[in-house]
Amino acid sequence: DPEEIITPTTAITETIAEEVTAAVATPETSTMTTYTVQPGDTLSVIAKKFDTTTPLLVELNGLRNANLLYVGRELLIPLNGDSAANDEVAPEATATSIAPEEPPAEATEVPLEEPTADPTVAPSIEPTAEPAAEATLENDSVAVDSAPEPTTTTYTVRSGDTLSLIAQRFDTTTAELLRLNGLRNANLLYVGQPLVVPITREAETAGAIAESTRINFAAGGTAATVDGTVIFPEQVCYVLEAGAGHEMTVSISSDDDLANFLVRAADGAVNAGVPLKRLENADRTWSYILPTTGDYHICVATPEGAVFYELTISIPVACTSVTQAIQTVDWALFLQNDPALTHEAIGGDHYVTTGMNAGATPVGGIPQVDQIIYGDFDGDCEEEAGIPLFSGGTAGNVGYLVYDRRATGDADGTIATKLVTWGEGYKLILAADAGILIVSNALYQGWEPNCCPSGRSYENYRLQDDTLTLLAAMSEGFGEARQPTVEHFYELLHSRNFADAYALLSPALQAANPYDAWVAGYAATETIVAIITPDPDVTDRVLADLRVTERLSNGAARIRHYSGYWDLVWNGTIPGWILQDGSFTIIP
């Protein structure tokens, strides 16, 4: 009965309080009696029986919820003159609660909250932070002005939940959850029960990502577990620091496997900013060899409703001591006799070539034993060796070899060094970082002189089952290549190679200047003389001084002088520099 519902607040609203005060102060209500709650009683029924009001009984007995009574509870009752009810004697009753209209299902699956000392007070009901809207007293009921309902979603009750715990998760009160769901008893929940819960403004924003919470493993620990509730469409994010070459395993559990997670490196250059594990990846357990040392973000999301989850992150301790015996090998002598290679003397240099290997193109060159790098590339606590191969010419290092140490099975326990894999490159540089093999190559777009590439690529590898697995790829541009890029752009325009010139414009410029219209703008242009210089004050900007010869419709030639600049950005997809934005004025 809606007339029996009283919104739990920290105080009775002003109108009710005045009514209660007046009633208590009158001589008619100065006499009190007690009444023991019986099965089937409601507070409004008791109020009518004693010719009083529900709000007055709530105030006199310190009740916080008019709907929660217990059989055997003694209530203080004001006596208003002669009443047949005054002579009633409450029978003895057992301490069972008055059941709500709809019986709960499987209520025992969810632990009840501990009852308060006063069994007529709803356990764990939090008072609301603000007074209820102004109310008027009418026919023993409270009429509350309607207020806008909060934005809500649905949460499914899980084992171990209590209403107060759920309220804490959603930054609300038990009383508000009772109201939103029409519940009469905070203790009667069942596993799988859908509950309407309020959500905050931040959670309403599509794709909202909360500030990341830092996770630190306990001293000496290798794993941590966190839990929480995620509400569609928000994401709950965590951040932790980890080292390159370590294997991180992340797993998540939730009801119906609704919650999932993504993992991305805080450094946007890693994996081109793409998450290492996406939400679209349905795996709830994921392992990965981390490509770089630094922070990693893990964000939890759900496609619908509100979901409780448990997230576990594990990063086993790397080797505290790595065996470095491979560094004692006499590589010059060993490589001259390695049967895994073919050998040839060219101009006094020892030239080697690899054989065939699944997934690896044969490479050859002069082993650079003075450039060998070492690292535990497969995580077995023993170092491997990376050896560059030199072309003998301007191409520089064109490949590399990776050697591991293997037990021969001999009775004396001797160790053999074995070629396990290799790779190719151009002007290649090898490096090692915390168990990661880093292969760097010079980047050319095809028009640069051999001396001067536009930038370098960096590929991070892990050795797994004698195969190099790519963990991450990134690139960077050399600043000194910006000026030659703009010079090449005007060379292409001058030679009327519009397609290649257009390809040097950024996607934004291309979108603003459709190709056909852009080419038409150069229909009258015959020659372009460009003087390009770096801007000493603005990074990524070059200055351009142009003299353009145009042929007019009457056949006459006109020379125009333009002055301006181009801003360039590095495009890792090409990879190379592209013209992002420019501004030019005509000089009289």
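The sequence shown begins at 83 in my numbering and counts up one residue at a time.
Quick reminder that beta carbons are idealized off the backbone N, C-alpha and C, glycines included.
C-beta atoms of residue i and residue j nearer than 8 Å
{"i": "valine 624", "j": "tyrosine 644", "result": "no"}
{"i": "alanine 652", "j": "glutamate 558", "result": "It should be pointed out that residue 652 corresponds to tryptophan in this sequence rather than to alanine. Yes, the pair counts as a contact, with Cβ atoms nearer than the cut-off."}
{"i": "leucine 139", "j": "leucine 125", "result": "yes"}
{"i": "aspartate 349", "j": "glycine 376", "result": "yes"}
{"i": "glutamate 465", "j": "glutamine 409", "result": "yes"}
{"i": "valine 382", "j": "leucine 372", "result": "no"}
{"i": "leucine 271", "j": "leucine 247", "result": "no"}
{"i": "isoleucine 668", "j": "arginine 642", "result": "yes"}
{"i": "aspartate 458", "j": "valine 404", "result": "yes"}
{"i": "alanine 422", "j": "leucine 344", "result": "no"}
{"i": "leucine 587", "j": "leucine 525", "result": "no"}
{"i": "valine 411", "j": "histidine 425", "result": "no"}
{"i": "threonine 374", "j": "valine 352", "result": "yes"}
{"i": "valine 445", "j": "glutamate 530", "result": "no"}
{"i": "alanine 306", "j": "isoleucine 297", "result": "yes"}
Spatially closest choice to residue i from the options, by CA coordinates
{"i": "valine 513", "options": "Glu632, Asn342, Pro444 and Ser539", "result": "Looking at the sequence itself, residue 513 is alanine, so the reference to valine does not match. That would be Ser539, whose Cα lies nearest to the Cα of alanine 513."}
{"i": "glycine 122", "options": "Val153, Glu141, Asp619 and Gly144", "result": "Val153"}
{"i": "valine 451", "options": "Asn636, Leu650, Pro315 and Tyr482", "result": "Tyr482"}
{"i": "phenylalanine 390", "options": "Arg487, Gly274, Leu361 and Ala639", "result": "Gly274"}
{"i": "proline 280", "options": "Arg266, Arg240, Gly387 and Glu323", "result": "Gly387"}
{"i": "valine 521", "options": "Gly528, Cys533, Glu465 and Ala554", "result": "Ala554"}
{"i": "tyrosine 615", "options": "Tyr433, Glu362, Thr621 and Ala626", "result": "One detail in the question is off: residue 615 reads as threonine in this sequence, not tyrosine. Closest by alpha carbon: Ala626."}
{"i": "asparagine 363", "options": "Val352, Thr384 and Leu574", "result": "Thr384"}
{"i": "glycine 303", "options": "Ala414, Glu569 and Ile395", "result": "Ile395"}
{"i": "arginine 640", "options": "Lys131, Asp431, Ala301 and Pro670", "result": "Pro670"}
{"i": "tryptophan 413", "options": "Val568, Asp462, Ala467 and Thr424", "result": "Ala467"}
{"i": "threonine 135", "options": "Val278, Arg296 and Leu161", "result": "Leu161"}
{"i": "phenylalanine 560", "options": "Pro137, Asp243, Tyr370 and Gly654", "result": "Gly654"}
{"i": "threonine 752", "options": "Val352, Pro373 and Asp339", "result": "The structure shown does not extend to residue 752, since the chain is modelled only from 83 to 670, so the question has no answer here."}
{"i": "isoleucine 313", "options": "Gly242, Thr256, Asp617 and Thr236", "result": "Thr236"}
{"i": "asparagine 479", "options": "Tyr604, Arg488, Ile454 and Asp486", "result": "Ile454"}
{"i": "aspartate 431", "options": "Gln418, Gly437 and Met438", "result": "Gln418"}
{"i": "alanine 602", "options": "Ala581, Asp617 and Asp619", "result": "Ala581"}
{"i": "isoleucine 428", "options": "Gly475, Asp420, Pro470 and Ser241", "result": "Gly475"}
{"i": "asparagine 636", "options": "Ala606, Pro618, Ser665 and Asp619", "result": "Ala606"}
{"i": "leucine 158", "options": "Thr254, Ala407 and Thr115", "result": "Thr115"}
{"i": "cysteine 463", "options": "Arg488, Leu361 and Glu156", "result": "Arg488"}
{"i": "glutamate 293", "options": "Glu316, Ser369 and Pro535", "result": "Glu316"}
{"i": "threonine 311", "options": "Glu329, Ile334 and Ala300", "result": "Ile334"}
Counterpart residues of residue i in DSSP-defined beta bridges
{"i": "methionine 114", "result": "Pro160"}
{"i": "alanine 58", "result": "Outside the displayed span of the chain (83 to 670) sits residue 58, for which this structure offers no information."}
{"i": "tyrosine 370", "result": "Met330"}
{"i": "isoleucine 668", "result": "Tyr644"}
{"i": "arginine 296", "result": "Val321"}
{"i": "glutamate 541", "result": "Val521 and Ala555"}
{"i": "isoleucine 380", "result": "Tyr320 and Val345"}
{"i": "tyrosine 485", "result": "Ala467 and Leu501"}
{"i": "arginine 266", "result": "DSSP output for arginine 266 lists no bridge partner at all."}
{"i": "isoleucine 614", "result": "Ala626"}
{"i": "aspartate 337", "result": "Aspartate 337 pairs with nothing; no bridge assigned."}
{"i": "glycine 447", "result": "Val434"}
{"i": "glutamate 530", "result": "Answer by DSSP bridge pairing: none, since glutamate 530 is not bridged."}
{"i": "aspartate 649", "result": "Arg623 and Asp663"}
{"i": "glycine 658", "result": "Asn653"}
{"i": "valine 279", "result": "Thr235"}
{"i": "alanine 590", "result": "None; alanine 590 has no bridge partner."}
{"i": "leucine 423", "result": "Thr436"}
{"i": "isoleucine 454", "result": "DSSP output for isoleucine 454 lists no bridge partner at all."}
{"i": "isoleucine 128", "result": "Bridge partners of isoleucine 128: none, in fact."}
Integer-rounded CB distance, given that residue j should sit under 8 Å from residue i
{"i": "tyrosine 378", "j": "alanine 347", "result": "6 Å"}
{"i": "threonine 443", "j": "aspartate 337", "result": "Not confirmed; about 50 Å, so no contact."}
{"i": "leucine 518", "j": "asparagine 542", "result": "For the sequence presented, residue 518 should be read as isoleucine rather than leucine. So it is a contact: roughly 5 Å between Cβ atoms."}
{"i": "alanine 563", "j": "leucine 574", "result": "About 16 Å; that fails the 8 Å criterion."}
{"i": "tyrosine 320", "j": "isoleucine 380", "result": "5 Å"}
{"i": "aspartate 649", "j": "aspartate 622", "result": "6 Å"}
{"i": "threonine 448", "j": "phenylalanine 472", "result": "With the sequence shown as reference, residue 448 is identified as isoleucine, and threonine is not the correct amino acid for it. Between phenylalanine 472 and isoleucine 448 the Cβ distance is about 4 Å, and since that is below 8 Å, they are a contact."}
{"i": "leucine 628", "j": "isoleucine 610", "result": "6 Å"}
{"i": "glycine 327", "j": "alanine 400", "result": "7 Å"}
{"i": "glutamate 569", "j": "glutamate 608", "result": "Contact flag wrong, Cβ pair sits at about 19 Å."}
{"i": "threonine 549", "j": "threonine 503", "result": "6 Å"}
{"i": "isoleucine 656", "j": "glutamine 565", "result": "Incorrect: roughly 18 Å between the Cβ atoms, too far for contact."}
{"i": "alanine 477", "j": "tyrosine 456", "result": "Between tyrosine 456 and alanine 477 the Cβ distance is about 25 Å, and since that is not below 8 Å, they are no contact."}
{"i": "leucine 259", "j": "alanine 249", "result": "6 Å"}
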